[in-house]
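Undergrad:
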Amino acid sequence: MTLANLDLTQDVKKIFSELGIKPESYTGGTLAVRSPITGQEIGRLPEITATDAAAAIEKAHAAFLEWRLVPAPKRGELVRLLGEELRASKEALGRLVSIEVGKITSEGLGEVQEMIDICDFAVGLSRQLYGLTIATERADHRMMETWHPLGAIGIISAFNFPVAVWSWNAALALVCGNATVWKPSEKTPLTALATQAIFERALSRYVAERNTAPENLSTLLIGGREIGEVLVDHEKVPLVSATGSTAMGRAVGPRLAQRFARSLLELGGNNAAIVAPTADLDLTLRGVAFAAMGTAGQRCTTLRRLFVHDSVYETLVPRLAKAYQSVTIGNPLEGGNLVGPLIDKAAFEKMQKALEAAKFAGGKVTGGERVNQDNAADAYYVRPAIIEMPTQTGPVLEETFAPILYVMKYSDFEDALRLHNDVPQGLSSSIFTNDMREAETFLSDRGSDCGIANVNIGPSGAEIGGAFGGEKETGGGRESGSDAWKAYMRRATNTLNYGRTLPLAQGVKFDV
Ligand code: UN1
1 MTLANLDLTQ
11 DVKKIFSELG
21 IKPESYTGGT
31 LAVRSPITGQ
41 EIGRLPEITA
51 TDAAAAIEKA
61 HAAFLEWRLV
71 PAPKRGELVR
81 LLGEELRASK
91 EALGRLVSIE
101 VGKITSEGLG
111 EVQEMIDICD
121 FAVGLSRQLY
131 GLTIATERAD
141 HRMMETWHPL
151 GAIGIISAFN
161 FPVAVWSWNA
171 ALALVCGNAT
181 VWKPSEKTPL
191 TALATQAIFE
201 RALSRYVAER
211 NTAPENLSTL
221 LIGGREIGEV
231 LVDHEKVPLV
241 SATGSTAMGR
251 AVGPRLAQRF
261 ARSLLELGGN
271 NAAIVAPTAD
281 LDLTLRGVAF
291 AAMGTAGQRC
301 TTLRRLFVHD
311 SVYETLVPRL
321 AKAYQSVTIG
331 NPLEGGNLVG
341 PLIDKAAFEK
351 MQKALEAAKF
361 AGGKVTGGER
371 VNQDNAADAY
381 YVRPAIIEMP
391 TQTGPVLEET
401 FAPILYVMKY
411 SDFEDALRLH
421 NDVPQGLSSS
431 IFTNDMREAE
441 TFLSDRGSDC
451 GIANVNIGPS
461 GAEIGGAFGG
471 EKETGGGRES
481 GSDAWKAYMR
491 RATNTLNYGR
501 TLPLAQGVKF
511 DV
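With UniProt numbering, letter number 245 in the sequence shown gets 245, and the count goes up by one each step, no holes.
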């Protein structure tokens, strides 16, 4: 079937009826949603007003006041059920992700798998919210740390991981004793609606099993920027976790700081890989191809800059260019296609602007043109672009959310390392090498300055077990695995005197 004849509204209807969502929740509203696969409208959602959003946040705060009293392992039980419901709805939600974002089927399903994985992680975590006991300088005293729930946590998510980002935050926030309030991207409210319905299923099972849970533990706010602002400015929201562009982070961060609320920022990346003389080139080729072209270049971890040693440049780069020419582009729901569409026309235009700027800066561009245009006028499919750049200038320093890979030649490892770090962003990074010194140097304190640094795998596709996030303009936040849970709790230091005297710290005397 050609794209022009494809009607995705039937698919959406089917998925929503499977999830028990009524048509009035996604038709007849003011927020139009388009599928990037065809460009056709697939839903119209009612939007919340700023006043109602503020009232919903108050209710979420009330939910937090109750939920924090439930023992953490019991809270974990709710997240366990959420994981089960996600398993049951994996096909449906994964397909909806593909329809709303344009991801190929395995990536749509992979996104739901990430949600399931973080639920499993959070269930274990619900029995491991531990603090330290610290040696005190006073006799008959004990000093310890206790971690307490924080409040109603704001979550602002981007279109490219429309549901996984919610789950990384929500699964942890919930076991940590918080309520959540979610403002998804305006481009992907359908998957948000579906996720909220799945959460509610888990919640009703939890309550049916005679557990206590307040209402409004998870709140979904559908709306535009002004609704995000309500969330950011609301005094009952102690933390906002925001994923999106650096520009968004620049707007959100200071507003939160103004009222001394916390921010967890996951902003732009400009991820690079170094291909060293000893690299396994077959493995490198596959690693680079997935990281640079996968998800049509629309991951924050997408590989955007490649530094290739001059001894392997002439072998690797033509092979890479060939892979770019032959990669299958088209309907992401059809098996066999590896590159789906860009999210919308604006994304296409930004990509073309970057290509122009690269040419102007002396870049040799292969690919980047629109394809499949005749079939669906409002869908934006492109051939991924590979650009040989003489130097790291102009658009190479920016994150363009599209499949563009800038390739640069190097001869000295230290030079490559310096250029690698010489961009404003600091999310993810890789080196392809079999030289132990290079690999270890890359991971060392004078190596990659990113939050994620890999050897012999690409920079994208991180597992949930590690802390995810980056430095510099990427915003400094960490979510998902490791001890990222600490961001969703407040720490209290407790000192306890079990003696009969009152020694003061630092030897202070104050006898009244
Ligand atoms: C993002 O693009 O916003 O590491 C997050 C990855 C995924 C997450 C990407 N696990 O590519």
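All C-beta atoms, glycine included, are put in the ideal place defined by N, C-alpha and C.
In this text, all values refer to a predicted model and were calculated from it rather than measured experimentally.
1. Could you please give the first and the last residue of the uninterrupted beta strand (DSSP E) stretch that includes F307?
2. Start and end of the alpha helix (DSSP H) containing K59?
3. Can you list, in chain order, the residues of its chain with a C-beta nearer than 6 Å to that of T278? Leave out the 5 residues immediately preceding and following it.
4. Is S466 close to the ligand UN1? I mean its beta-carbon at under 7 Å from any heavy atom of the ligand.
5. Does the Cβ-Cβ distance between A242 and G249 come in under 8 Å?
6. Less than 8 Å between the CB atoms is what I'm expecting for V101 and P36, so what's the real figure, rounded?
7. Curious, which full-length alpha helix (DSSP H) runs of at least 4 residues does the stretch 306-339 contain?
8. Which partner residues of M144 appear in the DSSP bridge assignment?
9. Could you tell me which of G244, A164, E438, N216 sits nearest to L427, measuring between CA atoms?
10. Confirm the yes/no value for this check: CB of R299, any heavy atom of the ligand UN1, distance under 7 Å.
11. Work out the CA separation of V112 and T296 for me, nearest whole Å.
12. Tell me which residues share the same chain as L281 and place their Cβ nearer than 7 Å to its Cβ, disregarding the 5 neighbours each side in the sequence.
13. Is the beta carbon of L45 less than 8 Å from the beta carbon of L31?
14. Looking at A92: is its Cβ nearer than 8 Å to the Cβ of E18?
15. Would you mind working out which of I222, R127, L172 sits nearest L193, comparing C-alpha positions?
16. Going by DSSP, what residue range makes up the alpha helix (DSSP H) through V163?
17. Just mark P326 as buried or exposed, buried being the case when its beta carbon has 16 or more other beta carbons within 10 Å.
18. To the nearest whole angstrom, what separates the beta carbons of K409 and V308, a pair I think is in contact under 8 Å?
19. Grouping DSSP H, G and I as helix and E and B as strand, with all else coil, what is L265?
20. Is it buried or exposed, K103, if we count other Cβ atoms within 10 angstroms and call 16 or more buried?
21. With a threshold of 8 Å, are at least 3 pairs of Cβ atoms found where one atom belongs to the stretch 41-61 and the other to the stretch 352-359?
22. Determine whether the beta carbon atoms of L217 and I57 lie at a separation below 8 Å.
23. Can you name, in chain order, every residue of its own chain whose Cβ lies under 6 Å from the Cβ of L109, other than the five neighbours on each side?
24. Could you tell me how far apart the beta carbons of G477 and L264 are, in whole angstroms, since I believe they sit closer than 8 Å?
25. Under 6 Å Cβ to Cβ from G39, same chain only, skipping five residues before and after it: list those, please.
26. Any idea what DSSP makes of E369, helix, strand or coil?
27. Grab the span of the alpha helix (DSSP H) containing G249 for me, first residue to last.
28. Rounded to the nearest angstrom, what separates N337 and G330 at their Cα positions?
29. Whole angstroms are fine: how far does the CA of E229 sit from the CA of A251?
30. Would P395 pass as a contact of V382 if the rule is Cβ separation under 8 Å?
31. Find out if the Cβ-Cβ distance for the pair L172, L125 is shorter than 8 Å.
32. Look at the alpha carbon of E369 and the alpha carbon of S106, and state the distance between them as a whole number of angstroms.
33. Would you mind working out which of S98, Q352, H141, K350 sits nearest R500, comparing C-alpha positions?
34. Can you name, in chain order, every residue of its own chain whose Cβ lies under 6 Å from the Cβ of I118, other than the five neighbours on each side?
35. When we look at the beta-carbon of N454 and count the other beta-carbons within 10 Å, is it buried (16 or more) or exposed?
36. Please confirm whether L154 and V237 have their CB atoms less than 8 Å apart.
TA: Per the coordinate set shown:
1. F307 -> beta strand (DSSP E) spans 303-309.
2. In the DSSP assignment, K59 falls within the unbroken alpha helix (DSSP H) covering 50-67.
3. Closer than 6 Å at Cβ, skipping near neighbours: T433, N434, D435.
4. Checking the sequence shown, residue 466 turns out to be Gly, not Ser. No, Cβ of G466 sits at least 7 Å from all heavy atoms of the ligand UN1.
5. At a Cβ-Cβ threshold of 8 Å, A242 and G249 count as neighbours.
6. Rounded to the nearest angstrom, the Cβ distance from V101 to P36 is 7 Å, consistent with a contact under 8 Å.
7. Segments of the alpha helix (DSSP H) lying fully in the stretch 306-339: 310-326.
8. Answer by DSSP bridge pairing, in chain order: T133, N494.
9. Of the listed residues, the one whose Cα sits closest to L427 is G244.
10. With a cutoff of 7 Å, R299 counts as near the ligand UN1, since its C-beta is closer than that to a heavy atom of the ligand.
11. Here the sequence assigns Ala to residue 296, which means Thr is not the residue at that position. Between A296 and V112, the C-alpha separation is close to 18 Å.
12. Excluding residues within five positions, the ones whose Cβ falls inside 7 Å are V312, T315, L316.
13. Against a cut-off of 8 Å, the Cβ pair of L31 and L45 comes out as a contact.
14. Cβ atoms of A92 and E18: closer than 8 Å.
15. Sorting I222, R127, L172 by C-alpha distance to the C-alpha of L193 places I222 at the top.
16. Premise fails: V163 is in no alpha helix (DSSP H) and is neither H nor E.
17. Looking at the sequence shown, residue 326 is not Pro but Ser. The residue in question, S326, is exposed, as its Cβ has fewer than 16 Cβ neighbours within 10 Å.
18. Contact holds; Cβ gap of about 6 Å.
19. L265 falls in the strand class under three-state DSSP.
20. The residue is buried, with at least 16 neighbouring Cβ atoms inside 10 Å.
21. Not touching, per the Cβ criterion.
22. Going by C-beta atoms, L217 is not nearer than 8 Å to I57.
23. Here the set comprises G94.
24. The pair is a contact, with the Cβ atoms about 4 Å apart (cut-off 8 Å).
25. Correct list, in chain order: A376, D378, A379.
26. If DSSP states are grouped into helix, strand and coil, E369 belongs with coil.
27. Under the DSSP assignment, G249 falls in the alpha helix (DSSP H) whose first and last residues are 246-258.
28. Cα-Cα distance, rounded: 6 Å.
29. When rounded, the separation of the alpha-carbon atoms in A251 and E229 is 10 Å.
30. The criterion of a C-beta distance shorter than 8 Å is not satisfied by P395 and V382.
31. Yes; because the gap between Cβ atoms is below 8 Å, this pair is in contact.
32. Here the alpha carbons of S106 and E369 stand approximately 25 Å from one another.
33. When only C-alpha atoms are compared, the closest one is H141.
34. Within the same chain, Cβ atoms closer than 6 Å to the Cβ of I118 are found at S167, W168, A171, I464, the five residues on either side in sequence being excluded.
35. Looking at its Cβ environment, which holds 16 or more other Cβ atoms inside 10 Å, N454 is buried.
36. The sequence shown places Gly at residue 154, not Leu. For G154 and V237, yes; Cβs fall inside 8 Å.
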